[in-house]
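Structure first, then comments.
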DNA sequence: TTGACATGGTTCGTATTGCGTATCAATATA
DNA sequence: TATATTGATACGCAATACGAACCATGTCAA
């Protein structure tokens, strides 16, 4: 028997959780492995992914990552030292600093995406094309609800 | 052994990735927040979750977590100091040590599950009961394929 | 039986990560 | 103009994860 619960949604929500959380852990493990192969932390991968099509300031970046600004500051310092990202003074606020990918960083994230696709193929390949699409749609709906 | 976009659904797999990875990150962020509220690291949460219905030895635990045994050793040491898990000599191998949840640890993980259910409700609630079930089924299929 | 090797766990030293606190420069507000 | 507030950084600390080194126990072959 499962742990006794409140009254809300009895078993349904809970068992979805029991599928969602392990899948999330597996996904993170895969990303982590890819990161290790490229000498990148999970957070740095995520950071590069966020900057993929954006140019953000420190606090914005921190907000996206759910981290404190000092943490991001150090993260950027290390990434900058490795030539993956670059800083530029913000045009509107002279206190602020814009962060963006260098061409090297952009190439790296592209390689990572290819590797990620490869590495997660065993997961996705177990579903038919139609099922993959259905799954993608459901996940995107959840994401939209989360952010909206 | 296929390159990133050969014959098998080129864009589809990639866009599934674009949904799966963000959902994984959101899920981890939620778990991380719940962990922070209870002064638990993500890894420790996972560890407790794994021990939820099992009694494992160090190396087994390390294998489940995808970590080295020394890492788990320290992790267990800290968890033990907090009274969440306990050690016992293994009956079959005198070198080995069994790790299991204390009643306090079991209560904690139950609380965490309730909190997780609450916290992820905004995600899951965006789907109907039928859709949730469909999603769960698809995720479980992927997980089975991964482990099997 | 006795070596030699393998396995399970722990300890130690090190690097990275993320946070709280404190600080400085630039902006906003009174 | 005086006083916050905001954006970013520097510093110190605790937790995490690893490799290397180390014991104790188990296994296997000669």
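Residue numbers (the working numbering), protein chains in the order written: chain L, 134 to 281; chain H, 134 to 281. Positions of the beta carbon are idealized from the N, C-alpha and C atoms, including for glycine.
Discussion item. Between the alpha carbons of residue 271 of chain L and residue 260 of chain H, how many angstroms are there, rounded?
Written reply: 8 Å
Worksheet item: So with Cβ pairs under 8 Å, would you call residue 170 of chain L a contact of chain H?
Response: no
Worksheet item: Residue range of the beta strand (DSSP E) that residue 219 of chain H falls in?
Response: 218 to 222
Discussion item. My output table needs one value for residue 226 of chain H: the three-state DSSP class, helix, strand or coil.
Written reply: coil
Worksheet item: Can you give the Cα-Cα distance for residue 269 of chain L and residue 252 of chain L, rounded to whole angstroms?
Response: 18 Å
Item to complete: Could you confirm whether any beta carbon from chain H is found closer than 8 Å to the beta carbon of residue 203 of chain L?
Response: no
Worksheet item: Do the segment 185 to 195 of chain L and the segment 186 to 193 of chain H meet, that is, are 3 or more Cβ pairs less than 8 Å apart?
Response: no
Worksheet item: What residue does the alpha helix (DSSP H) around residue 196 of chain H start on, and which one ends it?
Response: 191 to 198
Discussion item. Check this for me: beta carbons of residue 162 of chain H and residue 199 of chain L, under 8 Å apart or not?
Written reply: yes
Worksheet item: Sorted by chain position, which residues of the same chain lie with C-beta nearer than 6 Å to residue 179 of chain L's C-beta, five sequence neighbours on each side aside?
Response: none
Item to complete: Below 6 Å CB to CB, which residues in the same chain sit around residue 273 of chain L once its five sequence neighbours on both sides are set aside?
Response: none
Worksheet item: Going by the beta-carbon positions, is the gap between residue 181 of chain H and residue 217 of chain H smaller than 8 Å?
Response: yes
Discussion item. Any contact between the segment 240 to 248 of chain H and the segment 225 to 237 of chain L? By contact I mean 3 or more CB pairs, one from each, below 8 Å.
Written reply: no
Discussion item. Within 8 Å of any Cβ in chain H, is that where the Cβ of residue 250 of chain L sits?
Written reply: yes
Fill in: Distance between residue 279 of chain H and residue 258 of chain L (C-alpha atoms, nearest Å)
10 Å
Worksheet item: Buried or exposed: which applies to residue 204 of chain L, given that a residue is buried once 16 or more other Cβ atoms fall within 10 Å of its Cβ?
Response: exposed
Worksheet item: List, in order along the chain, the chain H residues whose C-beta lies closer than 7 Å to that of residue 148 of chain L?
Response: 269
Worksheet item: residue 264 of chain L versus chain H: which residues are under 7 Å apart at the beta carbon?
Response: 271
Fill in: Pairwise C-alpha distance: residue 169 of chain L and residue 219 of chain L
22 Å
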